[in-house]
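Residue 140 in numbering that gives the first Met the number 0 sits at position 141 of the sequence shown, with consecutive numbering throughout. Built from N, CA and C at the ideal position, the CB exists for glycine as well.
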Amino acid sequence: MPRLLTESESRRWKALLPALALLILIGLWEGSVRLLARPDLIHTVYPIPSGVAFSLYAKSGLLARQTLVTLAEVGLGLGLALVFGLALSLLIFYSKGLERALYPLIIITQNIPVFAIAPLLVIWLGYGLGPKAIVAALIVFFPIVVNTVDGLRATDEDLVHLFTILGATPWQMLVKLRIPSALPFIFSGLKIGVTLSVVGAVIGEWVGARAGLGYLMLKENRLLQADLVFAAIIWLSALGLGLFALVSLLERAAMPWKRAGHAGYSVAQKEE
Numbered sequence: 000m001p002r003l004l005t006e007s008e009s010r011r012w013k014a015l016l017p018a019l020a021l022l023i024l025i026g027l028w029e030g031s032v033r034l035l036a037r038p039d040l041i042h043t044v045y046p047i048p049s050g051v052a053f054s055l056y057a058k059s060g061l062l063a064r065q066t067l068v069t070l071a072e073v074g075l076g077l078g079l080a081l082v083f084g085l086a087l088s089l090l091i092f093y094s095k096g097l098e099r100a101l102y103p104l105i106i107i108t109q110n111i112p113v114f115a116i117a118p119l120l121v122i123w124l125g126y127g128l129g130p131k132a133i134v135a136a137l138i139v140f141f142p143i144v145v146n147t148v149d150g151l152r153a154t155d156e157d158l159v160h161l162f163t164i165l166g167a168t169p170w171q172m173l174v175k176l177r178i179p180s181a182l183p184f185i186f187s188g189l190k191i192g193v194t195l196s197v198v199g200a201v202i203g204e205w206v207g208a209r210a211g212l213g214y215l216m217l218k219e220n221r222l223l224q225a226d227l228v229f230a231a232i233i234w235l236s237a238l239g240l241g242l243f244a245l246v247s248l249l250e251r252a253a254m255p256w257k258r259a260g261h262a263g264y265s266v267a268q269k270e271e
């Protein structure tokens, strides 16, 4: 009779399975391209994992410099979206008239393709940082506004009545109750937006740029450097994952009571 895995061994196997699946896919990719593709088209038209890995190593300095440009665009776009998104969310929450006037317009903006706006921004603002940051901000803006408004509305009404009875001012109600209650919603919108902002910055670079990962991808694609294009995609994915992890860390720091709640729940489970 085969031995059953312990809990720790089972966890290790679960952690190894995605890595094993990735290695198998990489092996199939490398083998199929080498067997089926014309040798003179490998690395130029058909990338292979070994060539991508070499590009990641050989062109690491170039990729890092272009990543910093894209990161600056994403950071500025996120900052703009947060400032204007949170301000507009408060206006919508406190004014029914503004909600009826602005909410449909916000929804309509999401139906306009970003590719249709990006060329105009390049014409108006040039090839600098601004157009790419604005494209990133436009993509992030919607999830931040919608989630923040929903979070402000989800405040426990019993707590609202308690604050009112205790004589809290509207400002105290907002800062000490509504915003802390809305933080999970705000961070949910920010997590969605932070990954989309990377896509927005790259779209802006595709339309018109002199630097950045999106610019590098277009340039190397024209030069038939498929391995380097895939290397840039990997750096772009790593940038998105890193920003998502950073937002998750900020969420944990901003909501210590959430960590305390999870810790208490874990202790209760162990005691049972």
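Query                                                                                                                        : Result
Closest residue to Val206 among Leu124, Val193, Leu176 and Gly150 (Cα-Cα distance)                                           : Leu124
The stretch 74-88 / the stretch 131-149 touching (three or more Cβ pairs under 8 Å)                                          : yes
Glu290 classed as buried or exposed, judged by whether at least 16 other C-beta atoms fall within 10 angstroms               : Residue 290 is absent from the structure shown; the chain starts at 0 and stops at 271.
Pairwise C-alpha distance: Leu245 and Ser265                                                                                 : Only weak support is given to the placement of Ser265: the predicted model assigns it a pLDDT of 44, under 50, and the value that follows is read from those uncertain coordinates. So the two alpha carbons sit approximately 25 Å from each other.
Contact check, Gly192 vs Ile143, beta carbons under 8 Å                                                                      : yes
Nearest-angstrom Cβ-Cβ length linking Val145 and Gly188, presumed shorter than 8 Å                                           : 7 Å
One or two residues paired with Tyr93 in a DSSP bridge                                                                       : Answer is none; Tyr93 lacks a bridge partner.
Length of the line joining the Cα atoms of Gly239 and Leu195                                                                 : 9 Å
Ile167 versus Val159: straight-line alpha-carbon distance, rounded                                                           : Checking the sequence shown, residue 167 turns out to be Ala, not Ile. Each residue's alpha carbon lies about 9 Å from the other.
Straight-line Cα distance separating Leu104 from Ile232                                                                      : 34 Å
Pairwise C-alpha distance: Thr69 and Gly26                                                                                   : 31 Å
Chain-order list of residues whose beta-carbon lies under 8 Å from that of Trp114 (same chain, five-residue window excluded) : As written in the sequence, residue 114 is Phe, which differs from the Trp given in the question. If we look at Phe114 and ignore the five residues flanking it on each side, its Cβ neighbours are Ile202 and Val206.
Limits of the unbroken alpha helix (DSSP H) element including Gln171                                                         : Pro169 to Met172
From Val197, Gly150 and Ile178, residue whose alpha carbon lies closest to that of Val73                                     : Val197
Helix, strand or coil at Ile202 according to DSSP, with G and I counted as helix                                             : helix
Segment limits, alpha helix (DSSP H) that includes Arg152                                                                    : Leu128 to Arg152
Residue(s) in a DSSP beta bridge with Tyr45                                                                                  : Ile41
Short Cβ contact (8 Å threshold) for Ala57 with Tyr45                                                                        : no
Neighbourhood of Glu98 by C-beta, 7 Å cutoff - its chain only, sequence neighbours within 5 removed                          : Ile91
Limits of the alpha helix (DSSP H) - the one that Pro118 falls within                                                        : Val113 to Leu124
7 Å Cβ shell around Leu223 - same chain, five flanking residues per side excluded                                            : Thr43 and Val44
DSSP state of Leu165 mapped onto helix, strand, coil                                                                         : coil
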